[in-house]
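Trainee:
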Amino acid sequence: MKIPASIRLTYRNIMVNMDAGTMMFMLGLPALYLLVLGTMFQSLIPGVPVNNHSISYTHFLGPGIVAMQTLTAGNIGGSMLWSDRRWGMFEQLLVGPFKRTDYLLGIVFVAIIFTLGGSFIMFILSELASGGFILNLVSVSLTIISLVLGTILFSSLFLIISSLAKTMQAYNTITIVLFFVLDFASSAFYPINSSSESVVRYMSLGNPLTYVTDIVRTALISTPTIWTLEEIGIVIVITAILFTIARQLYKSIKMGI
Amino acid sequence: MNSGSRKAIEVQNLVKSYDGKKNAVDDISFTVKEGEIYGLLGKNGAGKSTTIKILTTLIEPTSGKVDVLGFSPSKHALQIKKRIGVVQQAESFDFTTVENNMKVYATLWELPREEAKARTEELLELFELTEVRKTRAFELSGGQKKKLQVARELMHDMDILFLDEPTVGMDPIMRRRILDNIGKRAAGGMTVLFTTHFLEEADYICDRIAIMANGRIKVEGTSSELKSKYGGLRTLEITAPEQPGEAQVSELKNALIDAQLAQDTVIEGKTVKIIGRNITKVLEDILRLTRKYVKNIDSINLRDATLDDVFIEVVNNQ
């Protein structure tokens, strides 16, 4: 049976990136956020208002950590291009039996696999920490759709940086700063509403992770509304724009100089 | 080797310019027949790697016609890539163990599991990598990384193998072993395009050789054709008890050139090599002049031209 080139490259990306450091970044850090931050802030924050209800901080944080996997896996996916360029494997793979598109799909697919795997583990931890999440066809479908879209969105963002960065220092600085801004200026860790600091509120509204988190949170602890569909629309538009830019920049990466 | 009559690679008037000003490859033409081992020699920046990158579909030529296995790299890249192997000059490896690097490559090239296992064992053994099979590739020495690069590429079958300086950092025994293995594969019909800085390697393995300088092919032919083309070129090796100073040798070189006694003079350790066409006729004059700069002489040896001599002659007289 012929295995498509993009799937073979996905297998390669999994084999090469399943190291302890990547897994710690993917799973260890979010698990610490969930268990340590969740537990510690729960004692300080009496309750978080969601749709006229008050829920525990750990219950609020769980979907945020699940959604955060899109950013983490997107970062890992984008870094693969940088790492392959840095260590000569990009050119080596492109003289192999693949099209350029296969390589790009290999990165996006592995990021989606990492997101879904990591999100599932984070969901189990959240369920153990607070319990009470809604699980039905609509909530699971909505969660998976937003996670897949979010992963393509953030993979595209980091692929853009990988395509443009000229040095290791520049790449590391940009990705670390961006990662923390996207992570903390979003609704993953705290609710963004009219009482939030205006700077943070505007940053958060311009941050795609906020929309991905809101969709996941709505799916798992609330009831989807027309605004949820609008948020999906926003994520689709941003994903399409970033993926188009990433694809163009990726195609124009010069080789052999 | 077992070269056939069909063309595996055909290059006509190939030009590549990166900046639109200087041509990295400047109007070169050559043909490589099926089963032939063709060597591209030249100094760094001569245009060898750029040529390989064009042939392996990585970069587009500025102009000229290129045909690899009957396909144009610009139009039918995938058809070509499915039938070639490439060992690039730059290091390339996955951040996993030596064994996993091979395993991943076997999957990428769709090798059946049992065949992949057998080839991995055979190549790890051949390249003396068995002991480091569980070591992560980035922890290997430079020579071992290069061996892994070559071994990994030989996992799959191919019609053309492109080797861009494949033996850098390897000891002579391993170099010879790799060349013999490649020679064996070429005898079975595989075409090889080979670049190297070790001219004795090209002399040993290549059916035909082209010497490039400044993006152009200066000479082309079999090793013996090149040596005879530069017929009369001989090397006088004068060994001193102590290494002569660079300034002395430089002065000697200029004096010999001014007196039209030699084409070039180089120093290798305690030995001064004087390369010229009519050395036997002017031997006394050369020795008289040499003694002015190299006072004590241990031994004198006169030998025929090697490929090194041809290379130096071609590159220096471009």
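Residue numbers (our numbering), protein chains in the order written: chain Y, 239 to 495; chain G, 483 to 800. Using N, Cα and C, we set each Cβ at its ideal position, and we do this for glycine too. Quantities reported herein were computed from a predicted structural model and do not represent experimental measurements.
When you compare the CB positions of Y/Leu391 and Y/Pro446, do they come within less than 7 Å of one another, or not?
Mentor: Translated into positions along the first sequence, residue 391 of chain Y becomes position 153. Translated into positions along the first sequence, residue 446 of chain Y becomes position 208. Cβ distance < 7 Å, so Y/Leu391 and Y/Pro446 count as in contact.
Trainee: Identify whether Y/Pro287 lies in helix, strand or coil by the three-state DSSP scheme.
Mentor: Position 49 of the first sequence, counted from the first residue, corresponds to residue 287 of chain Y. DSSP places Y/Pro287 in strand when its eight states are reduced to three.
Trainee: Locate the alpha helix (DSSP H) running through G/Ala600, then write down its first and last residues.
Mentor: Within the second sequence, residue 600 of chain G is the residue found at index 118, counting from 1. Its alpha helix (DSSP H) spans residues Arg595 to Leu608.
Trainee: Spatial neighbours of G/Tyr587 within its chain, please: C-beta separation below 7 Å, excluding the five flanking residues on both sides.
Mentor: Stepping through the second sequence from its first residue, residue 587 of chain G is reached at position 105. Contacts found: Arg634 and Met637.
Trainee: Measure from the C-beta of G/Glu604 to each C-beta in chain Y and report whether the shortest distance is under 7 Å.
Mentor: Your numbering for residue 604 of chain G matches position 122 in the second sequence. Not closer than 7 Å to any Cβ of chain Y, the Cβ of G/Glu604 fails to qualify, so no.
Trainee: Going by DSSP in three states, G/Arg785 sits in which element: helix, strand or coil?
Mentor: Working through the second sequence from its first residue, we reach residue 785 of chain G at position 303. G/Arg785 falls in the strand class under three-state DSSP.
Trainee: Run through DSSP, which three-state label would G/Glu581 get?
Mentor: Taking the first residue of the second sequence as position 1, residue 581 of chain G is located at position 99. Looking at G/Glu581 - three-state DSSP - the assignment turns out to be helix.
Trainee: Using a Cβ-Cβ distance cut-off of 7 Å, determine whether Y/Ile495 contacts chain G.
Mentor: In the first sequence, residue 495 of chain Y corresponds to position 257, counting from 1. Residue confidence is low: Y/Ile495 scores 42 on pLDDT, short of 50, so the model does not pin down where it sits. Its coordinate-derived value is still stated next. Yes, Y/Ile495 lies at the interface with chain G (some Cβ there is under 7 Å from its Cβ).
Trainee: Using DSSP's beta-bridge definition, name the partner residues of G/Ala692.
Mentor: To locate residue 692 of chain G, count along the second sequence from 1; it is residue 210. The partner list for G/Ala692 (beta bridge, DSSP) reads G/Leu522 and G/Glu702.
Trainee: Taking G/Thr721 and G/Lys700 to be in contact with their CB atoms under 8 Å, please state how far apart those CB atoms are, rounded to whole angstroms.
Mentor: Locating residue 721 of chain G in the second sequence gives position 239, counting from the first residue. Locating residue 700 of chain G in the second sequence gives position 218, counting from the first residue. Wrong, their Cβ atoms sit about 31 Å apart, outside the cutoff.
Trainee: Compute the distance between the beta-carbons of Y/Thr308 and Y/Thr248, then report whether it is under 7 Å.
Mentor: For the purposes of this step, residue 308 of chain Y is taken as residue 70 along the first sequence, with counting starting at 1. For the purposes of this step, residue 248 of chain Y is taken as residue 10 along the first sequence, with counting starting at 1. Not in contact: Y/Thr308 and Y/Thr248 (Cβ atoms no closer than 7 Å).
Trainee: In whole angstroms, give me the CA-to-CA distance for Y/Met253 and G/Arg698.
Mentor: By 1-based counting over the first sequence, the position of residue 253 of chain Y is 15. By 1-based counting over the second sequence, the position of residue 698 of chain G is 216. Taking the straight line from one Cα to the other gives about 43 Å.
Trainee: On the three-state DSSP scale, how would you describe Y/Ser377?
Mentor: Translated into positions along the first sequence, residue 377 of chain Y becomes position 139. Reduced to three states, the DSSP call for Y/Ser377 is helix.
Trainee: Using a Cβ-Cβ cut-off of less than 8 Å, list which residues of the segment 562-576 of chain G approach chain Y; keep chain order.
Mentor: Listed by position, the residues of the segment 562-576 of chain G near chain Y (Cβ gap below 8 Å) are Lys563, Lys564, Ile566, Val568, Gln570, Ala572, Glu573, Ser574, Phe575 and Asp576.
Trainee: Could you have a look at G/Lys735 and say whether DSSP puts it in helix, strand or coil?
Mentor: Indexing the second sequence from 1 puts residue 735 of chain G at position 253. Of the three classes helix, strand and coil, the one that applies to G/Lys735 here is helix, per DSSP.
Trainee: May I ask you to report which of helix, strand or coil DSSP gives Y/Gly356?
Mentor: Taking the first sequence and counting its residues from 1, one reaches residue 356 of chain Y at position 118. Reduced to three states, the DSSP call for Y/Gly356 is helix.
Trainee: Tell me the rounded alpha-carbon separation between Y/Gly315 and G/Thr788.
Mentor: Locating residue 315 of chain Y in the first sequence gives position 77, counting from the first residue. Locating residue 788 of chain G in the second sequence gives position 306, counting from the first residue. The alpha-carbon atoms of Y/Gly315 and G/Thr788 are separated by roughly 52 Å.
Trainee: Whether or not the segment 454-468 of chain Y and the segment 291-305 of chain Y are in contact is what I'm after, with contact meaning three or more pairs of Cβ atoms, one per stretch, closer than 8 Å; do they touch?
Mentor: With a cut-off of 8 Å, the segment 454-468 of chain Y and the segment 291-305 of chain Y count as touching, because enough Cβ pairs lie within range.
Trainee: Taking the alpha-carbon of Y/Ile398 as reference, which of Y/Thr482, Y/Asp257, Y/Phe279 and Y/Ser460 has the nearest alpha-carbon?
Mentor: By 1-based counting over the first sequence, the position of residue 398 of chain Y is 160. Minimum Cα distance to Y/Ile398 is reached at Y/Thr482.
Trainee: Taking the alpha-carbon of Y/Ile459 as reference, which of Y/Asn290, Y/Ser401 and Y/Leu342 has the nearest alpha-carbon?
Mentor: Here residue 459 of chain Y is taken as the residue at index 221 of the first sequence, counted from 1. It is Y/Asn290.
Trainee: Could you give the residue range of the alpha helix (DSSP H) that holds G/Thr649?
Mentor: As a first step, residue 649 of chain G must be located in the second sequence, where it is residue number 167. Looking at the DSSP string, G/Thr649 is not in any alpha helix (DSSP H), and its letter there is neither H nor E.
Trainee: Per the contact definition of three or more C-beta pairs closer than 8 Å, is the segment 320-330 of chain Y in contact with the segment 569-580 of chain G?
Mentor: Flag = yes, the segment 569-580 of chain G and the segment 320-330 of chain Y touch.
Trainee: So, with DSSP's three-state summary, where would you put Y/Asn445?
Mentor: On the first sequence, position 207 is the one that residue 445 of chain Y refers to. Y/Asn445 falls in the coil class under three-state DSSP.
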